[in-house]
């Protein structure tokens with residue numbers, strides 16, 4: 124048993140390392156999020172400031188410091204590079220996969236934990252976020268850790284995971300029993316608060332609170348009780364009296380004290396350093412306004428996250444529908460592992476429902492629910508393995524056919540999208556992708572090969588009633604798809620990412636001429652990371668003209684469209700340094716230079 128336990132942990136860490144830590148250096152920063160956050164961390168690192176985040180030398184109130192601190196440590200270890208910015212996000216991603224295994228093992232059994240850890244390590248959205256210089260992996264790790272600790276000190280304390288049965292713990296039985304256990308849980312939530320603000324503690328506490336409400340012991344009713352009174356009794360656990368009693372049993376004042384002790388000092392310091400400006404922007408704009416009104420055109424219907432998690436959990440989401448039906452049936456029938464299921468459903472449900480109510484929607488907002496979703500999908504996979512006759516053959520057949528079909532669609536569809544023409548245009552023409560880029564990127568269809576082949580292999584095993592081999596095939600397919608995506612496809616795309624080359628060339632000329640830099644109509648955030656100097660913004664052609672007419676050497680970044688508008692009014696000493704094709708948009712980036720007369724004769728560096 125111990126040997127299996129160690130083998131599971133080693134396997135999950137190995138797969139997660141292969142999918143999350145390889146090829147982190149192969150791409151420039153992706154705009155906009157990576158550009159903003161890595162640039163902010165680089166500026167903090169350059170001035171050795173651990174308190175006030177700044178972007179382009181202005182206060183940046185989007186996120187608390189944990190993500191920036193991790194990047195700053197990465198810069199200290201590896202230099203100011205993309206790899207350093209992403210490294211600790213990927214490390215925390217690997218740790219989250221390992222933690223998901225332990226959560227599944229403690230709430231259910233080791234095999235469910237095994238499949239859950241593999242699902243986290245090889246699903247699309249978690250891979251995308253954990254490999255990025257963003258806050259998602261850190262928040263998911265600390266949220267998962269706090270709920271794992273609650274499970275260990277609460278429901279799992281009552282009996283070992285192998286003994287969880289339909290016997291239902293009641294009331295305070297599912298709560299931790301020692302004060303220090305509460306302190307540890309809330310301290311982890313405090314760290315999550317340093318990652319993303321109040322979301323770091325409000326959501327895990329909501330999960331625990333909802334689970335406790337659902338665990339309220341029912342009162343016995345006589346046979347003659349009216350239907351109305353039965354409805355009242357069913358709703359009683361969610362009434363105001365039980366609600367406030369539950370909050371009290373969660374030791375709310377201990378939670379407040381511990382979270383303030385862990386996260387409070389930085390919030391106080393940044394408030395003092397910025398005269399409250401950071402706190403006003405962070406809480407007022409990036410919390411209240413994001414929840415109440417759509418921001419940055421990121422809106423969506425109520426079912427937005429249903430689609431988002433189906434895509435984000437792919438390839439494992441092929442089992443979503445039979446998983447949903449199985450979980451509902453087992454919750455209603457008080458099947459074995461009922462309490463584990465209840466906690467995991469509360470975990471996923473809180474994030475999905477609350478963010479569905481928010482006005483601003485982004486796929487990564489519900490990332491902390493992914494460990495719970497992975498455990499639920501693993502629950503179905505293991506049930507299928509243990510009870511193959513209880514799962515209708517149509518469900519695996521449909522799921523694995525979908526997996527293979529998606530792989531074939533990518534394998535065949537992407538080349539066709541770049542070659543077949545309608546009305547003289549390919550499909551990739553219609554989405555604005557340049558022709559010379561299309562001829563190379565159609566080979567990215569090879570990313571679909573593992574799913575196309577692996578789906579057929581898994582389907583073969585399923586038809587042979589070898590459920591375990593089928594699930595293993597899905598796991599291998601998922602991992603190989605991610606490895607091919609990040610180590611083959613992503614480097615191909617990197618050949619067309621131009622902001623690093625543009626930014627580094629601008630930095631060299633700015634240092635040589637001691638030139639001021641401005642932009643008109645083109646400022647992806649990653650430019651700040653590569654230029655490493657403040658970039659002024661010109662809101663209109665008039666401001667651009669004034670900037671270039673000021674004394675001293677100047678550099679201006681703009682687009683070909685904007686350049687065509689203003690080129691007739693440019694001074695004779697303004698020269699075009701370089702034109703670079705944009706990606707993925709059409710058009711060009713134009714770099715203009717008003718030189719220092721003493722170095723004007725030097726040749727401009729070519730971008731490679």
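In this note's numbering, the protein residues as written are 124 to 731.
Glycine residues also receive a C-beta, built at the ideal position from the N, C-alpha and C atoms.
Check your understanding: Around the Cβ of residue 243, are there at least 16 other Cβ atoms within 10 angstroms (buried) or fewer (exposed)?
Key -> Looking up residue 243 in the chain shown gives position 120. Buried, because 16 or more other Cβ atoms sit within 10 Å of the Cβ of residue 243.
Review point. Once you ignore the five residues that flank residue 710 on each side, which residues in its own chain have a CB closer than 7 Å to its CB?
Key: The sequence position of residue 710 within the chain shown is 587, counting from 1. So the list reads 682, 683 and 684, once near-sequence residues are dropped.
Check your understanding: Under 8 Å between the Cβ atoms of residue 164 and residue 208?
Key -> Sequence index remark: in the chain shown, residue 164 carries index 41 (1-based). Sequence index remark: in the chain shown, residue 208 carries index 85 (1-based). Yes, the Cβ-Cβ distance between residue 164 and residue 208 is below 8 Å.
Check your understanding: To which residues of the same chain is residue 514 closer than 6 Å at the C-beta, ignoring the five residues directly before and after it?
Key -> Taking the chain shown and counting its residues from 1, the one referred to as residue 514 is at position 391. Here the set comprises 507.
Point to revise | Exposure of residue 434, with buried meaning 16 or more beta-carbon neighbours within 10 Å | key: Locating residue 434 in the chain shown gives position 311, where the first residue counts as 1. Classification of residue 434: exposed, given that the 10 Å Cβ count is below 16.
**Study point:** Collapsed DSSP secondary structure at residue 631 in the structure displayed
**Key:** Along the chain shown, one-based indexing puts residue 631 at 508. Looking at residue 631 - three-state DSSP - the assignment turns out to be helix.
Check your understanding: Measuring CA to CA, which of 566, 603 and 588 is closest to residue 576?
Key -> If you number the chain shown from 1, residue 576 lands on position 453. Minimum Cα distance to residue 576 is reached at 603.
Review point. Excluding five sequence neighbours on each side, which residues of the same chain lie with their C-beta closer than 6 Å to the C-beta of residue 338?
Key: Taking the first residue of the chain shown as position 1, residue 338 is located at position 215. Taken in chain order, the residues that qualify are 297.
Practice item. Measure the Cβ-Cβ separation of residue 227 and residue 249 and say whether it is below 8 Å. Key: Translated into the one-based positions of the chain shown, residue 227 becomes position 104. Translated into the one-based positions of the chain shown, residue 249 becomes position 126. Not in contact: residue 227 and residue 249 (Cβ atoms no closer than 8 Å).
Check your understanding: Which residues in the same chain have their Cβ closer than 8 Å to the Cβ of residue 520, if we skip the five residues on either side of it in sequence?
Key -> As a position in the chain shown, residue 520 is number 397, starting the count at 1. Counting only Cβ-Cβ distances below 8 Å, and skipping sequence neighbours, we find 582, 585 and 586.
Exercise for review: Report yes if the CB atom of residue 161 is closer than 8 Å to the CB atom of residue 606, and no otherwise.
Suggested key: Locating residue 161 in the chain shown gives position 38, counting from the first residue. Locating residue 606 in the chain shown gives position 483, counting from the first residue. Taking 8 Å as the Cβ cut-off, residue 161 and residue 606 do not qualify as a contacting pair.
**Study point:** Nonlocal neighbours in the same chain, by C-beta distance under 7 Å from residue 381, ignoring five residues either side
**Key:** Taking the first residue of the chain shown as 1, we reach residue 381 at position 258. 306, 309, 310 and 313, listed in sequence order.
Practice item. Could you name the residues that DSSP lists as bridge partners for residue 182? Key: Position 59 of the chain shown, counted from the first residue, corresponds to residue 182. The partner list for residue 182 (beta bridge, DSSP) reads 177.
Exercise for review: Return the bridge partner residues of residue 446 from the DSSP annotation.
Suggested key: Working through the chain shown from its first residue, we reach residue 446 at position 323. Answer is none; residue 446 lacks a bridge partner.
Review point. Does the segment 651-663 come close enough to the segment 695-706 to have 3 or more Cβ pairs within less than 8 Å?
Key: no
**Study point:** Identity of the residue in 330, 611, 687 and 406 nearest residue 183 by Cα
**Key:** One-based indexing of the chain shown puts residue 183 at position 60. Ranking the options by Cα distance to residue 183, first place goes to 406.
Review point. Quick one: what does DSSP say residue 150 is sitting in, helix, strand or coil?
Key: On the chain shown, position 27 is the one that residue 150 refers to. Here residue 150 sits in coil by DSSP.
Practice item. Whole angstroms is fine: what's the gap from residue 130's alpha carbon to residue 315's? Key: On the chain shown, residue 130 is found 7 positions in, with the first residue counted as 1. On the chain shown, residue 315 is found 192 positions in, with the first residue counted as 1. Approximately 30 Å between the Cα atoms of the pair.
Point to revise | Segment contact flag, the segment 258-269 with the segment 183-192, C-beta cutoff 8 Å, min 3 pairs | key: yes
Check your understanding: Under three-state DSSP, which class holds residue 320?
Key -> As a first step, residue 320 must be located in the chain shown, where it is residue number 197. If DSSP states are grouped into helix, strand and coil, residue 320 belongs with coil.
Exercise for review: On a CA-only basis, which of 522, 143, 330 and 178 is nearest residue 651? Give me that one, please.
Suggested key: As a working mapping, residue 651 is identified with position 528 in the chain shown. Among 522, 143, 330 and 178, the Cα nearest to that of residue 651 belongs to 178.
Exercise for review: In angstroms with no decimal places, state the Cα-to-Cα distance between residue 424 and residue 146.
Suggested key: The residue labelled residue 424 in the question sits at position 301 within the chain shown. The residue labelled residue 146 in the question sits at position 23 within the chain shown. So the two alpha carbons sit approximately 35 Å from each other.
Practice item. Spell out the partners DSSP gives residue 640 in its beta bridges. Key: Your numbering for residue 640 matches position 517 in the chain shown. Paired residue(s): 658 and 678.
Review point. What span of residues does the beta strand (DSSP E) with residue 714 cover, start to end?
Key: Counting from 1 along the chain shown, the entry for residue 714 is found at position 591. That run of the beta strand (DSSP E) goes 711-717.
**Study point:** Residue range of the unbroken alpha helix (DSSP H) whose run includes residue 252
**Key:** As a working mapping, residue 252 is identified with position 129 in the chain shown. Counting along the chain, the alpha helix (DSSP H) containing residue 252 begins and ends at 247-253.
Practice item. Label residue 447 either buried or exposed according to how many other C-beta atoms from any shown protein chain fall within 10 Å of its C-beta, with 16 as the threshold for buried. Key: Within the chain shown, the letter at position 324 stands for residue 447. When all chains shown are included, residue 447 counts as exposed.
Check your understanding: Ends of the beta strand (DSSP E) at residue 466?
Key -> Taking the chain shown and counting its residues from 1, one reaches residue 466 at position 343. Segment 461-480 is the alpha helix (DSSP H) holding residue 466; no beta strand (DSSP E) there.
Check your understanding: Hey, out of 706, 668 and 707, whose CA is closest to residue 716's CA?
Key -> As a first step, residue 716 must be located in the chain shown, where it is residue number 593. Comparing Cα-Cα distances from residue 716 to each of 706, 668 and 707, the minimum goes to 668.
Check your understanding: If you pair each beta-carbon of the segment 670-681 with each one of the segment 639-648, do three or more pairs fall below 8 Å?
Key -> yes
Exercise for review: Ignore the nearest five residues each way along the sequence and tell me which others in residue 472's own chain have a CB closer than 6 Å to its CB.
Suggested key: Translated into positions along the chain shown, residue 472 becomes position 349. Within the same chain, residue 472 has no close Cβ partners at all.
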